[in-house]
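As they're listed, the protein sequences go chains Z and H.
Residue numbering for the first sequence follows my numbering, starting at 276 and increasing by one per position.
Residue numbering for the second sequence follows my numbering, starting at 276 and increasing by one per position.
Cβ coordinates follow ideal geometry from the N, Cα and C atoms, glycine included.
Note that the structure is a prediction, hence the values are computed from the model and not measured.
One structure is given here, and the rest of the page talks about it.
2 protein chains.
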Amino acid sequence: IIKLDKISKDYKLGKTVVTALKNISVTVRKGEFLAIVGPSGSGKSTTLNIIGCLEEPSSGTVTFDGKNLTGLSSNELADIRASKMGFIFQTFNLLPVLNIFENVEYPLHLRGMGKAERFERVTKVIKEVGLERFTKHKPAELSGGQRQRVAIARALVGSPDVILADEPTANLDMQTGEEILAQMKELNKTLGVTFIFSTHDQSIMDKAQRIIELRDGELRDGGLIK
Amino acid sequence: IIKLDKISKDYKLGKTVVTALKNISVTVRKGEFLAIVGPSGSGKSTTLNIIGCLEEPSSGTVTFDGKNLTGLSSNELADIRASKMGFIFQTFNLLPVLNIFENVEYPLHLRGMGKAERFERVTKVIKEVGLERFTKHKPAELSGGQRQRVAIARALVGSPDVILADEPTANLDMQTGEEILAQMKELNKTLGVTFIFSTHDQSIMDKAQRIIELRDGELRDGGLIK
Ligand SMILES: Nc1ncnc2c1ncn2[C@@H]1O[C@H](COP(=O)(O)OP(=O)(O)OP(=O)(O)O)[C@@H](O)[C@H]1O
Ligand SMILES: Nc1ncnc2c1ncn2[C@@H]1O[C@H](COP(=O)(O)OP(=O)(O)OP(=O)(O)O)[C@@H](O)[C@H]1O
Ligand SMILES: [Mg+2]
Ligand SMILES: [Mg+2]
């Protein structure tokens, strides 16, 4: 369970201040399949980054599993992220010098998982996103949607409790996107994995149990409940 | 008018060869509003890159305005691109050290256009994509969809004859995407600008006069005519 309480986020740009989020309060329950929607620039990625401890709010509190994250060191935050969360970035953030097997394996390496178990998990998730023929390719040797699927595989491989997915189907054709969403829905149903999407994909909105709407950094009508 | 005649494209990956395109032949007429569709990895971006002279085919001929492009020097190809084409990349390819005004202005600079005319054109197109409040931001200080719109603005600013758009709405919400597509349709109708899209967006397919379908690097049924 994740709680954002009166979160605001400002960016300084030279002498001006850009307000990305104004007074956002959201409670995410365990096992939710939640979609954050809104126009381009409305603050969806910023909200996801704050939930995922990748950015600190300018004011307000973030609570994760009852623990107040404000004022934790960046090492403590990194530990929580590594053990509890999987993040699919809007710009993928793959490591260009590693091939896709190594990219997907990376979070397991960081956790100190043994070689045999890493191999088994990575092979399985790469197959699930349809990239088994491409394990030796580096990110630059892949299509846009293939890179997106590597980012998805990397977020899923460690079986985290919470997956934060920023526009995970943006570069995928409808069929590939549907197959991957079905797998995510399945993980949510059978293992209770919490999914928080930032998206403009109607297909994800249709599958979500709850939709939260942002506009100009603010929640519209406290969000809509489906 | 652009003609691809029996185009194949292979990539070497260590000892293996990856075939991205097999024997593609396409004729694009002046003023067309054409969509290339197909699953992730089917060869859409590769086709667009070859049409836009950004990649050379492994075999086959590319003709542009009656001129055979095979064997032209990379300088001659760059000239054709700079004077005739606007390209919207799937990964945007913005210059990180320039702000968005400077990013959009860049192709006009390369052409030697005067300062006053550059300012007028850049201001106009930045307003058209809804980013007038963000001119001083650098790409890293923008949302994903805002970066995509900078890439779109940059392709449009020089009023080219042909625009190659690789998934131009992938990171945009429906409304923003529709507004931009309406402007592209307008340019096509009033100025006869040729648009070639690589896309999986149904909304672009609905607006296209003709749809070409790729699957595993090959044309399906010689493409479908709407
Ligand atoms: N440099 C490269 N080396 C090896 N293979 C490559 C390289 N670049 C692309 N490919 C392969 O060529 C195929 C076609 O790639 P392309 O980018 O054209 O696909 P696409 O249809 O645009 O896909 P998407 O919808 O995912 O963007 C893919 O299978 C990809 O892995
Ligand atoms: N480093 C930064 N400096 C200044 N402004 C920023 C910075 N990062 C983001 N912004 C601004 O904050 C606002 C919210 O950005 P955010 O990335 O959360 O939007 P979004 O809803 O994810 O948009 P999209 O759908 O286009 O991805 C945008 O207007 C953006 O320009
Ligand atoms: Mg975003
Ligand atoms: Mg592509």
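The nearest non-hydrogen atom of ligand 3 is 6 Å or more from the C-beta of S317 (chain Z). The beta-carbon of S478 (chain H) is placed no less than 7 Å from the nearest beta-carbon of chain Z. Chain-ordered, the chain H residues with CB closer than 8 Å to the CB of L447 (chain Z) read S315, H475. Counting every other CB atom within 10 Å of its CB across the protein chains shown gives V400 (chain H) a total of 16 or more, marking it as buried. Here DSSP, grouped into helix, strand and coil, assigns D285 (chain H) to strand. Distance from the CA atom of Q421 (chain H) to the CA atom of G316 (chain Z), rounded to whole angstroms, is 7 Å. Remark: the shortest separation between the CB of Y286 (chain H) and any heavy atom of ligand 2 does not fall under 6 Å. Here DSSP, grouped into helix, strand and coil, assigns G492 (chain H) to coil. In terms of Cβ geometry, L309 (chain Z) and I471 (chain Z) form a close pair [threshold 7 Å]. Bounds of any alpha helix (DSSP H) do not take in T444 (chain H), whose DSSP letter is neither H nor E. In terms of Cβ geometry, C328 (chain Z) and R356 (chain Z) form a close pair [threshold 7 Å].
Three or more beta-carbon pairs separated by less than 8 Å are not found between the stretch 447-459 of chain H and the stretch 293-304 of chain H, which leaves the two stretches without contact. The Cβ-Cβ distance between G313 (chain H) and I438 (chain H) does not fall below 7 Å.
In the structure shown, K290 (chain Z) falls within a coil segment according to DSSP collapsed to helix, strand and coil. The three-state reading of DSSP puts F367 (chain H) in coil, since its state is none of H, G, I, E or B. In summary, H412 (chain Z) is buried, with 16 or more beta-carbon neighbours lying within 10 Å of its beta-carbon over all protein chains present.
According to the DSSP secondary-structure assignment, K342 (chain H) is paired through a beta bridge with H:F339. Those residues of the stretch 364-378 of chain H placed with their C-beta closer than 8 Å to a C-beta in chain Z are Q365, T366, ordered along the chain.
Chain H has a Cβ within less than 7 Å of the Cβ of T451 (chain Z). Under a criterion of Cβ atoms nearer than 8 Å, no residue of chain Z is adjacent to S283 (chain H); the nearest Cβ is some 17 Å distant. Shown in chain order are the members of the stretch 388-414 of chain H whose Cβ falls below 7 Å from a Cβ of chain Z: K411, H412. Only exposed fits S349 (chain H), as fewer than 16 other CB atoms lie within 10 angstroms of its CB.
The residue from Z:N378, Z:F364, Z:P435, Z:L373 with its alpha-carbon nearest to that of T474 (chain Z) is Z:F364.
Sequence-distant Cβ neighbours of N463 (chain Z) in its own chain, meaning closer than 6 Å and more than five residues away, are F308, F470. Relative to ligand 1, even the nearest heavy atom lies 6 Å or more away from the CB of S348 (chain H).
Inter-residue distance for G452 (chain H) and A428 (chain H) is about 13 Å (C-alpha atoms, whole angstroms).
Between ligand 1 and V293 (chain H), a heavy atom-to-CB distance of less than 6 Å is present. Among the CB atoms of chain H, one or more fall inside 7 Å of the CB of S418 (chain Z). Counting only unbroken stretches of 3 or more residues, the beta strand (DSSP E) elements lying wholly within the stretch 388-458 of chain Z are 437-441, in sequence order. Checking the DSSP bridge columns, you'll see V301 (chain H) partnered with H:L279.
Contact residues of the stretch 285-299 of chain H toward chain Z are Y286, L288, G289 (C-beta to C-beta distance below 7 Å). Taking the Cβ of Q484 (chain H) as the reference point, every heavy atom of ligand 3 lies at 6 Å or farther away. Apart from sequence neighbours up to five positions away, the residues of its chain that approach R393 (chain H) with a beta-carbon distance below 8 Å are E380, L383, H384, ordered along the chain. Closer than 7 Å to the CB of Q458 (chain H) there is not a single CB belonging to chain Z. Neighbours of E442 (chain H) in chain Z, taken as residues at a C-beta separation under 7 Å, are given in chain order as G419, N446. With a cutoff of 7 Å on beta-carbon distance, L347 (chain Z) and V337 (chain Z) are scored as not near each other.
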